Amino acid sequence: MSEFKYLDFETLGRIKNMQMLAQGVVEGFILGLHRSPYRGFSVEFAEYRQYVPGDDIKHLDWKVYGKSDRYYLKQFEEETNLACHILIDASPSMDYKGEGAVFTKLEYACRMAACLSYLMMSQRDATGLMIFDDEIRQRLPARGSPAHRQLLLTTLDNVKPGTGDTDLAGPMHALAESLKKRGMVILISDLLDDPLKVMSALQHFRFQGNEVVVFHVLDRDEIEFPFHAMTEFTDSESKEKVLVAPQSVRREYLNEFDRFFGAYKKGCADLGADYKLMNTSASLELALSEYLYRRSRLF
Amino acid sequence: MHLLNPWYLAGLAAILVPILIHILQRDRVKRIIFPATRFLLGASKRITRTQQIRELILLILRAAVMALLALALTRPFWMQGGNVDAAGAGAPGKAAVLLLDVSASMRVGNRMDEARKQALEFLESCRPQIDRVALVVFDREPVIKIPMTGDTGQIKSALGDLKPGWGGGNLAVALPFADRMLQADEFKNTPREIVVVSDLQKSGWEQYKGEWKLSAGTDLAVKPVSLRALENVAIVQTAIPQSTVVAQRPEALSLQVVNFGKTDHPGMKVSFKANGKTLGEKDVNLGPGKTEVMRFENTFDTPGDFAGTLELDVKDDFPDDNVWHFNVRVLPRVQVLLVNGGPSTSAAKDDGRFIKEALSLPGSPFQVREIAPQALVPKDLDGVQAAVFTNVGSVSKESQTALKAFLENGGGVLLFPGDRVAPDDFNADFGALAPCRLKDVVHKDEKSEGWTLGEMDLQHPIFVHFATPQSGDFSSARFAKYYSVTDSQASKVLARFIDGHPALLEKPIGKGYTLLFTSTAGMKWNDFCLQGGVFVPFVHEALKFLAVHSEGQTNTEVGSPLAAAGSKAVLTLPDGSKPSSSQAEVPGLYGVKLGDYDGKLAVNIPRQESETAALDASELSAAVASNPEGQEKTIEGVKVWVAASDSVQERIEGGQRLGWYLLFGILALLFGEHLLANNTSRH
């Protein structure tokens, strides 16, 4: 299904089934990696290593043997055993789709999460999921089984935006407390919260030895503020209204945005967390590349 | 401030346009639920306030642009004082010329009274010491009676003393004169007006050829005074000799009578009177618009001035043109010098014989003396009125000089070349005086009978008596030879041979004339001299024409000079008083005394005044106004045409150009609006 690599966003928007989408994007991504000169990763799965006399046969994957009549060791599970936790912000602010955009931020985040989880599980990484707004709405522990993958993707299919305010820090701290072993934490959010609180939560993850990747998802409208006509803006969470001529406030807005964005970027850099600003029209494969890159640093 | 186009003020309603747009735009505000609104909250309050102020300023600027545009289109202007209506108090003083017709036709009926009334009405509308008015009267020429003054009382007083004159009206000269008066620098920024009060006779406008137009900014008000169609019969012209010589033969006095009115005049009596007696009477029937030419005869057998009148016995509106004064100066016998270049004992060969005999007939008004060409000295021309040269080819230099002076002083010369004339010599000696140069002798063919006289100028005094039937047949004369001529462009051909070549030519020199007959006076080349029925009267008329000149004028018109500059003649008016002007001001018979001479001068009214046809006021205005639009007003039953040339208001507005300044202001406002609008939308 190589054609999935070149799926444009309009086409992606029409694919409602998360599994299909993730599969298509990931496989297309992998094929692309094959052809690319970027050979930092091998997709001759590290999780399978051909049996060499002397290896412990308890890790032999008998299903693979049954299919291929060859002996392979579940190297992945043994050698990596990475637990990835995908955190998706489902606060009301994520339910915004600008003019010309294909997805809301939440839809985009879910598709990104679906692709990531598909790729992670393909890499035999255990993947967990947490959907939250001001509290945890849904949580799936990190597992690697195909059934879990199915559950995860189905859950992502059915994510709805929350109705409460945004409080990223609370659920993140709660998750951090519950993690028993270090892994990778991927936060997908618009981060429209107090940067100090969010950074504090991210620091909690880092303190525990987790790799942290922050995908800061925003709509193009939020990044560029392209409005012209007299507009009454209503905050999606606080419901505060502002009637302005956008041309007259654009400079001020962009300055505020730069401060906001800069705070997270610096904060993540200080923490050693990866930070990626993504607008909802950016390629999903970018997220997949980021995951692989980060994973390669670990092993 | 005053407005040229006040109705454009309705455009002020356009101020509502930006306001309405502003209101409508507010209703079309977009509403968006925007997650990042928090980034707007800090700045929005401050910015919104600033934005609101900017929006308000933009609204005001746009409304101001609309308002100024409407105001600019009204073309405002300032005038000193308030109301621009000339009749309103507070308006700036105007300069006006009251142009009053005092020509002879204004004597008809109560025209002058009506004119005075109209003039007074105009003066009543003027503000003393604020408006300035000049009184200009005109007949043949315009005359400033009262120069520009704020004292309208002075003009009112002058109107009371005004009487119509006797001259012919010439509005075509008077109107431009009045216009020029108002072009003085002192009136440059003043409302200007010409008020014409006249009977608007068409004859007074005939000189106007369309070359002149009323100056821009000068209004023209035409107040016609002739409201009623006139009944007028007049003697419009006469054909009466100014001078003649004593003769036994009667001469004609002709007159033309015209009925300008609509009334039929049957059995109208026309009288010829002189020296207190009625010398002739005739009846004439003259229907409306008809004309009749009549003729009387008189024998002028006594030297001196023969003065009289031709009179119409008719009752009409203008009786002054029913009388024609005339004076015929009857001169004593004309002294003629005959210079005979071809004397002979034989009549057939004598070139001067027949001339001499024609002039010496009993009762002839001529006295002739014959000399030979070689005997001619300048003194021979003293006391002579005419000189005849028969077959003379050359004269001395002194004689040439004397002849030139003789001609210039009014003498006449009649030349008959012949076989003794060498063209080169003749042209050398007489070339400057003769009507042409002699070329070659033209001979008839052997078999031909020769030429006869063909075309003649029957209007010329020499031939006028031959115009009527039975008055002589010039074709009876046969010509075997004649001279062809050249260089005759400056001369007048009075008669031609049947082949078209000139037979008789005339050239004026000074006060006199030279005549040249291109064939002989005697029998050598023709038998003209044997045709007594035409030759004798021809010679008499030719010499009368050459010899008889007025010793000054005998007949003239009102308005003409009474005497030549430097003349020592003493004149008296018909009533015996002395004239106060150098021009003839009244019709009648004036007395003229100059040394021993005691004569008369007949002065008549210009007959253009008899013509009753009047110019239409609107026609006049359309002809002269730079802007032919105008309007007809009726003031107390009198229709007055007021032309609207570039109005005073337009002129003043054009000078101030306030509208243009407003437009520049609009441009500046639009520039400011553009900058401010861009600034509010700049990223």
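Residue numbers (the working numbering), protein chains in the order written: chain A, 1 to 299; chain B, 300 to 982.
We put the beta carbon where it would ideally sit given N, CA and C, even for glycine.
Computed from a predicted model, the values in this text were never measured in an experiment.
Below-8 Å beta-carbon distance, residue i vs any chain A residue
i         : result
Thr-489/B : no
Ile-318/B : no
Ile-331/B : yes
Arg-337/B : yes
Gly-971/B : no
Gly-341/B : yes
Val-364/B : no
Pro-334/B : yes
Collapsed DSSP secondary structure at residue i in the structure displayed
i         : result
Ile-965/B : helix
Val-198/A : helix
Thr-689/B : strand
Leu-192/A : coil
Glu-652/B : The amino acid at residue 652/B is misidentified as Glu; the sequence shows Arg. The answer is helix: DSSP assigns Arg-652/B an H, G or I state.
Asn-977/B : helix
Ser-296/A : helix
Asp-871/B : Here the sequence assigns Thr to residue 871/B, which means Asp is not the residue at that position. Thr-871/B: strand per DSSP, three-state reduction.
Val-442/B : strand
Pro-475/B : helix
Ala-403/B : helix
Cys-425/B : coil
Ala-263/A : helix
Lys-696/B : helix
Straight-line Cα distance separating residue j from residue i
i         : j         : result
Val-583/B : Asp-563/B : 11 Å
Gly-809/B : Val-847/B : 14 Å
Asp-620/B : Ser-542/B : 23 Å
Leu-218/A : Lys-97/A  : 9 Å
Pro-223/A : Phe-338/B : The residue you asked about is not Pro; residue 223/A is Ile in the sequence shown. Computed Cα separation, rounded: 11 Å.
Glu-656/B : Trp-824/B : 19 Å
Ser-117/A : Ser-93/A  : 23 Å
Asn-158/A : Ala-313/B : 58 Å
Ala-457/B : Leu-900/B : 32 Å
Gly-603/B : Gln-634/B : 17 Å
Leu-539/B : Ser-553/B : It is Ile, not Leu, that sits at residue 539/B in the sequence shown. Their backbone Cα atoms lie some 6 Å apart in a straight line.
Glu-252/A : His-228/A : 15 Å
Leu-706/B : Thr-689/B : 18 Å
Trp-465/B : Gln-788/B : 41 Å
His-301/B : Leu-367/B : 15 Å
Gly-753/B : His-800/B : 10 Å
Tyr-275/A : Asp-190/A : 12 Å
Ser-570/B : Val-592/B : 13 Å
Phe-559/B : Val-622/B : 16 Å
Closest by C-alpha distance to residue i, when choosing among the options
i          : options                                    : result
Met-447/B  : Leu-422/B, Lys-508/B, Val-635/B            : Leu-422/B
Cys-735/B  : Ala-366/B, Leu-814/B, Gly-831/B, Glu-669/B : Leu-814/B
Pro-1004/B : Gln-482/B, Thr-373/B, Gln-536/B            : The structure shown has nothing for residue 1004/B, since chain B only spans 300 to 982.
Gln-555/B  : Pro-375/B, Lys-561/B, Leu-611/B, Ser-502/B : Leu-611/B
Met-480/B  : Thr-517/B, Trp-465/B, Glu-505/B            : Thr-517/B
Arg-632/B  : Glu-745/B, Phe-599/B, Trp-623/B            : Phe-599/B
Val-401/B  : Asp-430/B, Arg-431/B, Pro-441/B, Leu-660/B : Pro-441/B
Cutoff 8 Å: residue i Cβ touching any chain B Cβ
i         : result
Glu-309/A : For residue 309/A there is no data in the structure shown, the boundaries of chain A being 1 and 299.
Val-102/A : no
Ala-229/A : yes
Cβ separation of residue i and residue j, assumed to be a contact under 8 Å, to the nearest whole Å
i         : j         : result
Gly-467/B : Ala-403/B : 7 Å
Gly-821/B : Arg-652/B : 6 Å
Glu-550/B : Asn-626/B : Actually they do not touch by this definition, with Cβ atoms about 14 Å apart.
Val-784/B : Thr-817/B : 6 Å
Val-372/A : Leu-340/B : Since the first residue of chain A shown is 1 and the last is 299, residue 372/A is not available in this structure.
Val-496/B : Leu-474/B : So it is not a contact: roughly 12 Å between Cβ atoms.
Gly-662/B : Gln-684/B : With a Cβ gap of about 18 Å, Gly-662/B and Gln-684/B do not count as contacting.
Thr-349/B : Phe-233/A : 17 Å between Cβ atoms; not a contact.
Asn-488/B : Arg-439/B : Wrong, their Cβ atoms sit about 34 Å apart, outside the cutoff.
Phe-665/B : Leu-461/B : So it is not a contact: roughly 53 Å between Cβ atoms.
Met-130/A : Pro-171/A : 7 Å
Leu-888/B : Pro-878/B : At roughly 13 Å, the Cβ-Cβ gap does not stay under 8 Å, so Leu-888/B and Pro-878/B are not in contact.
Check: residue i C-beta below 7 Å from any heavy atom of the ligand MN
i         : result
Ala-403/B : Only the bare structure without any ligand can be found here, which leaves the ligand MN out of the picture.
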